[in-house]
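Chemist: I have a structure here, written as C-alpha cells, and I will follow up with some questions on it.
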Amino acid sequence: MIKMVDLHKSYRVGTEEVKVLKGIDLEIKQGSMVAIMGRSGSGKSTLLNIISGLEKGNGRYTFKDQNLSDKSLNELADFRRKHIGFVLQNCAMCDSKNVFDNVALPLRYGKYNEIEIQNRVEKALEAMELSGTLHKTVDMLSGGELQRVAIARALIHNPEVILADEPTGSLDEQTEQTILSIFKQLHREGKTIIIVTHDRQVADACEETFCIRDGKIRSD
Ligand SMILES: Nc1ncnc2c1ncn2[C@@H]1O[C@H](COP(=O)(O)OP(=O)(O)OP(=O)(O)O)[C@@H](O)[C@H]1O
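Reminder that position 192 of the sequence shown reads as 192 in the UniProt record's numbering, one-by-one numbering, no gaps.
This is the structure:
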C-alpha cells in the first residue's frame, strides 16, 4: 500500500544542509499494524510527515500505486484529507473548544452538513466511550481521554490509514494498554496503523517494526 524507494529528506538550517533521511526503502502492506522506532532526532516524525503528505521528500513514494512523488503540497493535502488520519504527539487540540468541536474540525473542511457532522461526531465519541465528554473543553480531560479524543478526530472522515506519533508517550501503563487495544481493534477492522514509538511494548504489539538508523530503515 505504502512504498518508498530511496527517499531522502534534508533541512536547511542557516547555511548548512542537514540530511535526515538518507535513502529510505519501506513497504507497508494494507491492513497491517507497524511500528517505527529510532533514537530521538533520527527522523521518525519526518518520515510520518512525508507518509501523510505534510512534507515532501526526494525519491519515490507510492500509495496504492498512485505516485505521490510529483504531487504539489496542495495535492498532497487533498490526498491526506481523503486517506490519512493523524494522531499527533501533543494531540494538537484547541484547548478553548469543547470535545465536539475538536472532533468535528476535519469535517468542517469537507462538504458535510451540520446534521451529518453531529451524527458522525456522536458516533465516533461513542466508539471511544467518550459520549459523556461532548460538551467539556479539552483542557478538562485526562491524558487518556485526550488521546481517545485525538483518535476519534483522526477517524472521523473514515481514513484507510492511521498515523500516530508517540500516542502513548505520556500515559500510565493501564491507559497505554487501553489506547493500544483501541489501535488493535482498528487494525482488526482493516485499518492500516503506523505508530511512531520509543516504547518496546507498543512495538511488540505491532506486526512489524522498522528502525531508522543513520537515515535508513533497518528491519527489526
Ligand atoms: N522543519 C525543520 N527544519 C529544520 N530541521 C528539522 C525540521 N524538522 C525536523 N528537523 C530536524 O530533523 C531531525 C529529525 O527530526 P524528527 O522530528 O523527525 O526526529 P524524531 O526521530 O521524530 O525525534 P523525536 O523522537 O525526538 O521526536 C532533527 O535533527 C530535527 O531537528
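Glycine is no exception: its CB is placed at the ideal position from the N, C-alpha and C atoms.
Source: prediction; values computed, not measured.
Let me know if N102 comes out buried or exposed under the rule of 16 or more other beta-carbons within 10 Å of its beta-carbon.
Modeler: In the sequence shown, counting from the first residue as 1, residue 102 sits at position 102. When all chains shown are included, N102 counts as buried.
Chemist: Under the criterion of a Cβ to heavy atom distance below 6 Å, does T46 qualify as lining ligand 1?
Modeler: For the purposes of this step, residue 46 is identified with residue 46 of the sequence shown, where counting begins at 1. Indeed, a heavy atom of ligand 1 lies less than 6 Å from the Cβ.
Chemist: Given this structure, state the Cα-to-Cα distance separating R200 from G169, to the nearest angstrom.
Modeler: Here residue 200 corresponds to residue number 200 of the sequence shown, with the count starting at 1. Here residue 169 corresponds to residue number 169 of the sequence shown, with the count starting at 1. Using only the alpha carbons, I get a separation of about 12 Å.
Chemist: Going along the chain, which residues of its own chain have a beta-carbon closer than 6 Å to the beta-carbon of N58, five neighbours each way excluded?
Modeler: Position 58 of the sequence shown, counted from the start, is the residue given in the question as residue 58. If we look at N58 and ignore the five residues flanking it on each side, its Cβ neighbours are H8.
Chemist: Going by C-alpha distance, which of E173, S52 and Y61 is nearest G143?
Modeler: Looking up residue 143 in the sequence shown gives position 143. When each option's Cα is compared against that of G143, the closest is E173.
Chemist: What does Y61 pair with, by DSSP beta-bridge criteria?
Modeler: In the sequence shown, the residue the question calls residue 61 occupies position 61. DSSP lists M4 as partners of Y61.
Chemist: Who are the near neighbours of D70 in its chain, counting only those whose CB is closer than 7 Å to its CB and skipping five residues on each side?
Modeler: Residue 70 sits at position 70 when you count from the first residue of the sequence shown. There are no such residues.
Chemist: Return the Cβ separation of M4 and D25 in integer angstroms, given the expectation that the two are a contact with Cβ distance under 8 Å.
Modeler: Numbered from its first residue, the sequence shown carries residue 4 at position 4. Numbered from its first residue, the sequence shown carries residue 25 at position 25. Right, the Cβ-Cβ distance comes to about 6 Å (below 8 Å), so this counts as a contact.
Chemist: Between Q185 and the rest of its own chain, which residues show a CB-CB distance below 7 Å, the 5 nearest in sequence each way excluded?
Modeler: To locate residue 185, count along the sequence shown from 1; it is residue 185. None.
Chemist: Would the C-beta of V20 count as close to ligand 1, meaning under 6 Å from any of its heavy atoms?
Modeler: The residue given as residue 20 occupies position 20 in the sequence shown. It does: the Cβ of V20 is within 6 Å (strictly closer) of some heavy atom of ligand 1.
Chemist: Buried or exposed: where does T15 fall if 16 or more other Cβ atoms within 10 Å of its Cβ makes it buried?
Modeler: Residue mapping note: residue 15 aligns to position 15 of the sequence shown, counting from 1. By the neighbour-count rule (16 or more Cβ atoms within 10 Å), T15 is not buried but exposed.
Chemist: Got a sec? Which residues, its chain only, sit under 6 Å from R148 by beta carbon, not counting five neighbours each side?
Modeler: Position 148 of the sequence shown, counting from 1, holds the residue named residue 148. Within the same chain, R148 has close Cβ partners M128 and L130.
Chemist: Whose C-beta lies closer than 8 Å to the C-beta of N67 among residues of the same chain, with five residues either side of it excluded?
Modeler: Walking along the sequence shown from the start, residue 67 turns up at place 67. Same-chain partners within the cutoff: R60 and Y61.
Chemist: In angstroms with no decimal places, state the Cα-to-Cα distance between E176 and I195.
Modeler: Within the sequence shown, the letter at position 176 stands for residue 176. Within the sequence shown, the letter at position 195 stands for residue 195. In a straight line, the C-alpha of E176 is about 13 Å away from that of I195.
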